[in-house]
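Read left to right, the sequence shown gives residues 3 to 349 (the working numbering). Glycine included, C-beta positions come from ideal geometry on N, C-alpha and C. Being a predicted model, the structure only gives us computed values, none of them experimental. Each remark here refers to the structure printed beneath this line.
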Amino acid sequence: MSFDINNLIRENVKKLKPYSSARDEFEDFDTADMIFLDANENPYQNGVNRYPDPQQASVKVVLGQMKNINPKQILLGNGSDEVLDLLFRAFCEPKVDNVISLPPTYGMYSVLANINAVENREVLLSTDFQPQVAQILENVDANTKIIFLCSPNNPTGNSFSEASVLTLLKKFSGLIVIDEAYIDFSEKASWLAKLEHYPNLAITQTLSKAYGLAGIRLGICYGSEAIIAVLNKIKPPYNVNELTQQRAIKRLNDQGKIDAEIVAIIKERASLLNVLKDVKFVEKIYPTEANFILIKVDDANKRYAALIEKGIVIRNRTTQPLCENTLRLTIGTAEENKKLIEALLAI
Ligand SMILES: *Cc1c(COP(=O)(O)O)cnc(C)c1O
């Protein structure tokens with residue numbers, strides 16, 4: 003494969019002269035003794051009266067050190083949903099280009115394709131929820147810009163085999179986006195370490211799951227400097243707000259607590275997997291490398307309703323392809339899981 007990012011970028015994006023904000027034109031805005039009369043802000047200090055850093059430099063320094071990556075290879079967004087949307091808007095020409103996603107998987111790839119008027123070619127996973135590489139490559143044409151690989155995959159919980167991801171990276175000349183929202187719950191290594199070897203690889207992660215910050219909305223894209231520069235060019239100037247940047251830094255500097263919570267969730271996952279074997283209407287428990295478990299039951303709609311009756315909300319995935327009569331259970335606290343188990347055994 004021959005990867006050239008210029009074959010990928012939309013013409014209007016290539017030509018675009020990005021909006022230049024006051025904070026872009028004078029970047030050094032932390033300088034305490036300067037007077038800032040450039041952005042029409044209210045001058046009275048309250049902690050958030052100033053626009054946030056459009057490049058989120060402080061957050062990227064912390065992340066860059068943590069992940070051992072150059073801050074120029076990081077793009078931050080208002081959740082990974084914004085990051086994924088930027089990928090569509092940078093590389094996929096509406097009504098011309100297409101992307102490939104692999105159901106059953108995260109629903110946003112298809113929603114974002116629809117919003118952006120981009121064809122989403124769906125190639126089902128195999129029955130053991132692995133990418134069908136030959137079929138995927140058969141669906142690629144000159145207008146295929148992105149293949150989305152969610153690994154560990156939502157809602158199935160497994161990660162994709164290294165061999166199939168490698169084949170796709172090598173044979174596809176568009177962008178491979180690996181969504182690693184759940185990577186911190188897996189024993190498998192992140193693809194981040196391999197980023198340098200594959201100019202067509204972009205990796206998305208999020209602070210919404212393992213990092214415990216779903217409420218602040220912070221998503222991350224790692225890629226080559228060239229890919230990140232394109233996304234940076236089209237992102238809204240102040241897409242990550244000040245409060246989010248502050249809370250993210252605070253939390254990222256508390257890695258011990260994050261790690262302890264991940265360990266606790268994985269431990270709870272193991273005990274839940276164990277007890278689920280004793281629930282009579284559970285027909286199959288799928289292997290998981292995420293903070294949720296997918297199970298097959300006798301009648302998903304019935305069991306879902308029964309749990310709601312008992313005050314427990316889970317996710318019914320029965321309408322998803324290959325997921326008939328499946329339910330997705332998020333791992334809660336020990337106490338919540340105990341109540342879940344009691345409810346399951348009582349139904
Ligand atoms: C939850 C989830 C996300 C997170 O999205 P945010 O917008 O960052 O909260 C991304 N991808 C997958 C597969 C998810 O399940």
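Residue j beta carbon less than 8 angstroms from that of residue i
i    : j    : result
L329 : F294 : no
T290 : G159 : yes
V64  : L245 : no
P56  : S82  : no
I222 : I7   : no
L151 : L114 : no
I117 : Y224 : no
A250 : N156 : no
V232 : A119 : no
I149 : L126 : no
Q322 : P45  : no
P54  : N234 : no
Straight-line Cα distance separating residue j from residue i
i    : j    : result
E13  : E270 : 50 angstroms
L139 : L177 : 13 angstroms
F283 : N318 : 15 angstroms
M36  : P73  : 26 angstroms
V50  : A34  : 15 angstroms
Q137 : K341 : 43 angstroms
L220 : Q47  : 25 angstroms
L346 : L309 : 8 angstroms
L274 : A59  : 40 angstroms
V265 : F5   : 39 angstroms
V61  : Q247 : 6 angstroms
P172 : S128 : Reading off the sequence shown, one finds Lys at residue 172, where the question assumed Pro. When rounded, the distance between both Cα atoms is 21 angstroms.
S210 : S153 : 16 angstroms
P239 : I260 : 30 angstroms
E43  : I218 : 23 angstroms
D256 : C94  : 38 angstroms
D38  : N141 : Position check: residue 38 holds Phe in this sequence, whereas Asp was assumed. Each residue's Cα considered, the two are about 54 angstroms apart.
I185 : S192 : 6 angstroms
E227 : F174 : 20 angstroms
E164 : A348 : 41 angstroms
V98  : S112 : 16 angstroms
Residues that DSSP places opposite residue i in a beta bridge
i    : result
V284 : V299
Q207 : I222
E121 : N100
C325 : DSSP lists no partner for C325.
T332 : F294
C94  : Its beta-bridge partners do not exist; DSSP assigns none.
I149 : I102 and I178
G214 : DSSP output for G214 lists no bridge partner at all.
R317 : R330
L78  : I222
Same chain, Cβ closer than 6 angstroms to residue i, neighbours up to 5 away in sequence not counted
i    : result
E121 : N100
P133 : L104, F162 and S166
I230 : Q75 and L77
K312 : A345
I333 : I267, E270, R271 and N293
V281 : L346
Cutoff 7 angstroms; reference residue i; Cβ partners in own chain excluding five residues on either side
i    : result
V299 : F283, V284, E285, R305, N327 and L329
A336 : E270
E84  : G221 and N241
I316 : Y306, L309, L329, R330 and L331
M68  : L254
Contacting residues, own chain, Cβ-Cβ under 8 angstroms from residue i (five flanking each side not counted)
i    : result
I236 : V15, L18, P20, L88, R91 and A92
E27  : D40
N339 : E270, S273, L274 and I333
Spell out a yes or no on whether the segment 198-214 and the segment 171-182 are touching, meaning 3 or more CB-CB pairs, one atom from each, closer than 8 angstroms. The segment 198-214, when compared against the segment 171-182, does touch it at the 8 angstroms Cβ threshold.
Closer than 5 angstroms: residues whose CB approaches a heavy atom of ligand 3: You won't find ligand 3 in this model; what it holds is ligand 1.
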